[in-house]
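Visitor: Below: one structure in structure tokens.
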């Protein structure tokens, strides 16, 4: 049964080695080892230059609309289970819990008025471009997980950390994105098993299409 249809633990024993020694062809390719980060770096620099005026406007609106810092920073689990600090524009009122089992929900009393808009348009994630430049994230990959949740992963689930987490990805675009991150693990593993430049390109195109459709109609 293909991983994307699994509701129980799939057979992923072939992925139990470190990424650099993994038998999965997709992780041994030049694109996975070198090309993906090179393209991420160049694309992120260009996107930062393009969106820098908008990022400045968002920062000003956040400061004017609610008390607290412009950015929200929190630890997440990266490639090979290494912790890193992820950055987003703050969309929540301060002194409220930052954790939600359904991270894409906009129907949340913790969210500020500006926060609802930047979450709906995903503009709150623009600062993650700096995480991509630093090599902590990728433009495309599994959603970055919180450490205390990753500690509960079974061995097969932990294989999602063989690659850098992404700003967008298969699960982020799937109907399951309104659920918990753990529910999307089979989708993440399917992405890793089929990692390629062409598949990343298709995911980015789908991301732009979803963004355009959600904010045009």
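In the numbering used here, the protein residues as written are -10 to 206. Glycine residues also receive a C-beta, built at the ideal position from the N, C-alpha and C atoms. Given the structure is predicted, the values throughout are model-derived calculations rather than measurements.
1. Select from 141, 100 and 194 the residue whose C-alpha is nearest the C-alpha of residue 81.
2. Taking all protein chains shown into account, decide if residue 38 is buried (16 or more other Cβ within 10 angstroms of its Cβ) or exposed.
3. Select from 23, 136 and 41 the residue whose C-alpha is nearest the C-alpha of residue 70.
4. Below 7 Å CB to CB, which residues in the same chain sit around residue 44 once its five sequence neighbours on both sides are set aside?
5. Report the residue from 158, 76 and 198 whose alpha carbon sits nearest the alpha carbon of residue 123.
6. State the start and end residues of the unbroken beta strand (DSSP E) segment that holds residue 74.
7. My assumption, with CB atoms under 8 Å, is that residue 78 sits in contact with residue 113. Please give the rounded CB distance.
8. Considering only their Cβ atoms, is the gap separating residue 152 from residue 174 smaller than 7 Å?
9. Please classify residue 199: does DSSP put it in a helix, a strand, or coil?
10. Taking residue 196 as the reference, give the member of 179, 184 and 155 with the closest Cα.
11. Please name the residue in 176, 148, 171 and 103 whose C-alpha comes closest to that of residue 54.
12. Considering Cα atoms alone, identify which of 48, 194 and 144 is closest to residue 59.
13. Please classify residue 51: is it buried, with 16 or more other beta-carbons within 10 angstroms of its beta-carbon, or exposed?
14. Tell me the rounded alpha-carbon separation between residue 0 and residue 30.
15. Is it buried or exposed, residue 191, if we count other Cβ atoms within 10 angstroms and call 16 or more buried?
16. Can you check whether the CB of residue 157 is closer than 7 Å to the CB of residue 129?
17. Please report the distance separating the alpha-carbon of residue 125 from that of residue 26.
18. Using DSSP with H/G/I as helix, E/B as strand and the rest coil, what is residue 83?
19. Short of 7 Å in beta carbon distance, which residues of its chain neighbour residue 66, apart from the five on each side in sequence? Order them along the chain.
20. On the criterion of 16 or more Cβ atoms from any shown chain inside 10 Å, does residue 160 qualify as buried, or is it exposed?
Guide: Judging by the given coordinates:
1. 100
2. exposed
3. 136
4. 115
5. 76
6. 72 to 78
7. 4 Å
8. no
9. helix
10. 155
11. 103
12. 48
13. buried
14. Confidence at residue 0 is low in this model, with a pLDDT of 46, below 50, so the placement of that residue should be treated as unreliable; the coordinate-derived value is given next. About 34 Å.
15. exposed
16. yes
17. 10 Å
18. coil
19. 72, 133, 134, 136, 139 and 150
20. buried
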